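Participant: Listed in order, the protein sequences are those of chains S and L. Heads up, the first sequence stops at 702 in our numbering, and the numbers go up one at a time, no gaps. Heads up, the second sequence stops at 702 in our numbering, and the numbers go up one at a time, no gaps. By construction, the Cβ of each residue, glycine as well, lies at the ideal position given by its N, Cα and C atoms. Model, not experiment: these values are computed from the prediction. Could you have a look at this structure, given as structure tokens, before my questions?
2 protein chains.
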Amino acid sequence: MRNFEFYNPTKIVFGANTIAKLADLVPATAKVLILYGGNSAKTTGTLDEVKAALGTRVVMEFAGIEPNPSYETMMQAVELVRREKLDFLLAVGGGSVIDGTKFVAAAVGFDGEPWEIMQKRGRNVKSALPFGTVLTLPATGSEMNSGGVIMRKSTHEKFSFMNRLVFPQFSILDPSKTYTLPKTQIANGIADAFVHTIEQYLTFPVQALPQDRFAEGLLQSLIEIAPQAMSMEPDYDNRANLMWVATLALNGLIGAGVPQDWATHMIGHEITALYGIDHARTLALVLPSVLNVQREQKRAKLLQYAERVWHITDGSEEQRIDAAIVRTREFFESLGIKTRLSEYQLGEESILAILAQLEAHGMTALGEHQDVTLERTRVILQQAL
Amino acid sequence: MRNFEFYNPTKIVFGANTIAKLADLVPATAKVLILYGGNSAKTTGTLDEVKAALGTRVVMEFAGIEPNPSYETMMQAVELVRREKLDFLLAVGGGSVIDGTKFVAAAVGFDGEPWEIMQKRGRNVKSALPFGTVLTLPATGSEMNSGGVIMRKSTHEKFSFMNRLVFPQFSILDPSKTYTLPKTQIANGIADAFVHTIEQYLTFPVQALPQDRFAEGLLQSLIEIAPQAMSMEPDYDNRANLMWVATLALNGLIGAGVPQDWATHMIGHEITALYGIDHARTLALVLPSVLNVQREQKRAKLLQYAERVWHITDGSEEQRIDAAIVRTREFFESLGIKTRLSEYQLGEESILAILAQLEAHGMTALGEHQDVTLERTRVILQQAL
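Next up, the structure:
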């Protein structure tokens with residue numbers, strides 16, 4: 318096991334009918350900005366419930382945060398907070414709203430042009446407004462970590478940042494708030510949590526027994542959750558498991574003390590930035606090819622993954638690895654998620670564009686061994702056609 | 318899944334050669350009391366390493382905390398802290414030293430007779446001194462939770478308490494600091510972590526998929542760790558896994574959103590208080606009989622435990638449950654831990670004494686269904702003879 322530090326002070330308030338607890342969780346004298354995305358927060362009644370719980374506190378709203386939150390949009394919120402001297406942020410939504418809120422929290426008091434936060438990946442954040450979240454879309458884990466991803470529309474750049482000052486103070490996770498989500502978003506959430514887990518698990522062995530078991534447990538849970546999530550009317554326990562699994566997949570726990578990959582995410586971010594494909598769906602495009610191209614480096618863990626997650630024990634090593642990659646691809650497809658660039662009408666020319674973006678952003682040595690060069694990414698993308 | 322709150326702000330600093338980080342973790346102006354147990358902190362050099370890292374800070378020492386920390390001893394530390402106006406506590410040791418330190422942290426500013434903290438199980442704690450820990454004995458999980466157990470020698474009472482103000486600010490977990498431990502203490506640590514996990518897992522199903530998978534992962538890890546831990550010279554990765562598993566077994570994570578049992582612990586505490594048997598060893602005396610006597614209430618989870626943890630799939634339900642209980646007993650015995658009261662020369666008369674203590678402490682309705690009455694505990698203990 319590698320040395321590590323683990324710190325996660327976010328308080329999770331989990332379960333049905335927990336939004337009312339905002340009355341105690343938000344300071345009584347706070348001047349609050351509620352941040353959210355589209356109309357669904359309104360039409361589902363969640364926003365009204367939030368405002369009722371906040372009672373007589375000063376409350377303003379900022380709507381219209383996009384699925385991939387943009388610098389341009391979030392800077393409008395920064396200006397509103399500064400102008401109105403608000404002192405507490407409350408994100409109501411999914412990972413995009415929460416990521417955007419983290420950026421606002423860090424940017425409000427930032428000394429300089431806030432885009433520098435993204436350019437330095439958050440290392441230059443010295444203070445942040447306190448904030449909480451009300452999660453309505455299980456997927457990214459942003460509700461219990463200190464990272465975020467922001468896109469700059471004008472330059473097609475999409476960067477992640479991280480700083481311990483942007484852990485949410487609390488996150489309310491009410492599974493019944495996910496009932497109105499379209500199935501495509503549930504599918505995205507399952508795929509996102511699955512790949513988050515894989516990026517921290519499917520590398521090389523470092524004798525980290527509980528981390529491996531926990532990661533395998535999350536993958537097995539997602540495989541168990543998926544059919545019911547995709548076929549049935551919303552079921553409370555099914556949604557509760559999805560919500561908690563997605564949070565656990567990226568709260569720092571399974572990644573503590575082990576190597577991490579993240580090549581799939583870095584390549585996927587460029588696909589979203591260039592072609593607007595949902596984040597989770599870009600991961601399903603890239604991951605199967607990453608596993609195939611990196612099969613030598615990942616051999617031991619691929620075999621462990623095949624056996625413990627998919628119960629594949631017959632055949633040669635190559636056959637078991639092939640079978641595990643096929644099962645991974647089929648899992649995404651079972652969620653109605655495409656796993657081929659060609660299904661999005663993207664061909665060789667898109668590969669050149671993605672590679673150019675990766676090069677421009679210094680993403681030329683990805684993965685747990687930093688051996689996923691541009692040349693290797695080209696092979697990965699060609700296998701994903 | 319049940320509604321839950323999860324909050325754990327303790328920072329974990331894990332790995333070899335991490336004690337030096339105390340220089341940054343403890344406030345520069347702190348007046349520190351180092352609390353420890355016997356001579357081993359001195360003879361192993363750990364205490365010197367700790368003091369070197371603390372540099373020029375004001376540092377005092379309090380030695381002699383017993384394996385089951387007593388109110389009488391810890392009150393001496395309380396008086397020392399008050400007299401010398403110390404403002405930061407640093408526990409160097411295992412669960413007993415950390416539990417004792419938590420009591421001191423809560424007692425120093427307590428308004429009233431500090432034993433009232435134990436009588437109210439910590440609910441009446443309004444403030445606590447900040448403290449950190451340097452863990453040298455993996456077992457209890459106290460390094461990453463907000464609970465503790467204190468014994469009052471004069472009355473043979475042993476109570477647990479809990480309050481969110483007594484989370485350690487940080488805990489340093491250096492697996493190499495466990496190399497000098499006797500094998501009996503390693504065995505106790507494995508057994509303690511195993512039973513902590515079982516108490517939060519082996520109850521009844523509530524559709525909590527990741528909690529079940531995580532608990533099973535910890536049990537499987539302990540089963541994998543045990544033979545090497547007991548037979549070989551200390552191995553870094555083996556000890557690292559034991560240390561992190563023991564922490565994860567009782568940091569609130571696997572118990573969030575699920576029913577919990579704790580009957581085995583409550584009965585075990587009385588055995589320790591009466592006969593001085595190591596905490597972990599009392600658990601091994603009680604657990605197999607609890608599982609047998611409660612097999613109807615625990616049937617579904619016993620079958621899941623048999624299959625997922627012990628890979629028992631053949632035979633009738635009763636046979637599989639019997640086999641899982643036998644494997645549990647054999648696991649303790651493989652650690653050199655006795656599982657029968659008679660092996661400690663305890664007979665029927667001890668059962669009467671234990672029952673009398675349980676009755677005196679109101680422990681008359683234990684377990685996840687609160688159906689472990691004194692009469693049922695009598696049967697449990699009779700089966701443990």
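1) Measuring CB to CB, does L/Lys419 end up less than 8 Å from L/Gly465?
2) With respect to the alpha helix (DSSP H) encompassing S/Lys618, which residues constitute its N-terminal and C-terminal limits?
3) Just by C-beta distance, which residues in the segment 514-529 of chain S are closer than 7 Å to chain L?
4) Under the three-state reduction of DSSP, which class applies to S/Arg374: helix, strand or coil?
5) From S/Ile515, S/Ala525, S/Glu541 and S/Gln545, pick the residue whose C-alpha is nearest to that of S/Asp578; which is it?
6) I'd like to know whether the C-beta atoms of L/Ala623 and L/Lys475 end up nearer to each other than 8 Å.
7) Looking at chain L, is there any beta carbon in it that lies within less than 8 Å of the beta carbon of S/Ala333?
8) Out of L/Leu567, L/Ser548 and L/Phe487, which one is the CA nearest neighbour of L/Val512?
9) For chain S, check one thing: does any of its Cβ atoms lie closer than 8 Å to the Cβ of L/Glu541?
10) Answer yes or no: do L/Ile489 and L/Leu452 have a C-beta to C-beta separation smaller than 8 Å?
11) Is there a Cβ from chain L that is less than 8 Å from the Cβ of S/Leu452?
12) How close, in whole Å, do the beta carbons of L/Leu339 and L/Phe379 come, if the pair is a contact with beta carbons under 8 Å?
13) Identify, in the order they occur along the chain, each residue of the same chain with its Cβ nearer than 7 Å to the Cβ of S/Gln517, setting aside the five sequence neighbours on each side.
14) Starting from L/Val512, follow the alpha helix (DSSP H) in both directions and report where the run begins and ends.
15) Below 6 Å CB to CB, which residues in the same chain sit around S/Val298 once its five sequence neighbours on both sides are set aside?
16) Is the beta carbon of L/Arg319 closer than 8 Å to that of L/Tyr388?
17) In chain order, which continuous runs of the beta strand (DSSP E) of length 3 or greater are located wholly inside the segment 397-432 of chain L?
18) Would DSSP call L/Ala348 helix, strand or coil?
19) Have a look at L/Asn441 and L/Val523 and give me their C-alpha separation to the nearest angstrom.
20) Can S/Thr390 and S/Glu383 be called in contact, C-beta distance under 8 Å?
21) Can you list, in chain order, the residues of its chain with a C-beta nearer than 8 Å to that of S/Glu634? Leave out the 5 residues immediately preceding and following it.
22) Checking contacts by CB at 8 Å: is S/Tyr324 closer than that to chain L?
23) Taking the alpha carbon of L/Gly569 as the point to measure from, which residue in L/Phe484, L/Arg625 and L/Val367 has its own alpha carbon closest?
24) Output yes or no for whether 8 Å exceeds the beta carbon distance between L/Thr630 and L/Met560.
25) With distance defined between alpha-carbon atoms, name the residue in S/Gly372, S/Lys368, S/Gln614 and S/Asn480 nearest to S/Ala422.
26) Anything in the segment 496-509 of chain L with a Cβ closer than 7 Å to a Cβ of chain S? List those residues in chain order, please.
27) At least one CB of chain L closer than 8 Å to the CB of S/Val330: is that the case?
28) Exposed or buried, S/Asn356, counting other C-beta atoms within 10 Å across all chains shown (16 or more means buried)?
29) Looking at S/Ile642: is its Cβ nearer than 8 Å to the Cβ of S/Ala504?
30) Taking the alpha-carbon positions, what's the L/Thr457 to S/Gln502 distance?
31) Considering just the uninterrupted stretch of the alpha helix (DSSP H) at S/Glu647, what are its terminal residues?
32) Decide if L/Leu352 is buried, meaning its Cβ has at least 16 other Cβ atoms within 10 Å, or exposed.
33) With the cut-off set at 8 Å, would you say L/Asp491 and L/Ile336 are in Cβ contact?
34) Give the single residue among S/Leu482, S/Ala557 and S/Leu663 whose Cα lies nearest to the Cα of S/Tyr592.
35) Which residues in chain L have a C-beta closer than 7 Å to the C-beta of S/Gln537? List them in chain order.
36) Roughly how far, in whole angstroms, is the beta-carbon of L/Ile507 from the beta-carbon of L/Ile542, given that I think they are within contact range, below 8 Å?
Facilitator: This is what the structure holds:
1) yes
2) Arg616 to Trp627
3) Gln524, Leu526 and Pro527
4) If DSSP states are grouped into helix, strand and coil, S/Arg374 belongs with coil.
5) S/Ile515
6) no
7) yes
8) L/Leu567
9) Chain S, which has a Cβ nearer than 8 Å to the Cβ of L/Glu541, makes this yes.
10) A contact, by the Cβ cut-off of 8 Å.
11) no
12) Not really, about 17 Å apart at Cβ, beyond 8 Å.
13) Ala532, Ile571, Gly572, Val575 and Gln577
14) Lys500 to Tyr518
15) Only positions 318 to 702 of chain S appear in the structure, and residue 298 of chain S is not among them; the question remains open.
16) No, the Cβ-Cβ distance between L/Tyr388 and L/Arg319 is not below 8 Å.
17) 405-410
18) Residue identity differs from the one stated: residue 348 of chain L is Lys in this sequence, not Ala. Looking at L/Lys348 - three-state DSSP - the assignment turns out to be strand.
19) 32 Å
20) Going by C-beta atoms, S/Thr390 is nearer than 8 Å to S/Glu383.
21) Arg616 and Leu620
22) Interface residue, yes.
23) L/Phe484
24) no
25) S/Asn480
26) So nothing in the stretch comes that close.
27) yes
28) exposed
29) Inclusion of S/Ile642 and S/Ala504 in the CB contact set at 8 Å is not warranted, their separation being larger than that value.
30) 41 Å
31) Glu634 to Ser651
32) Under this definition L/Leu352 is a buried residue.
33) yes
34) S/Leu663
35) Arg530
36) Their Cβ separation, rounded to whole angstroms, is 7 Å, which keeps L/Ile507 and L/Ile542 in contact under 8 Å.
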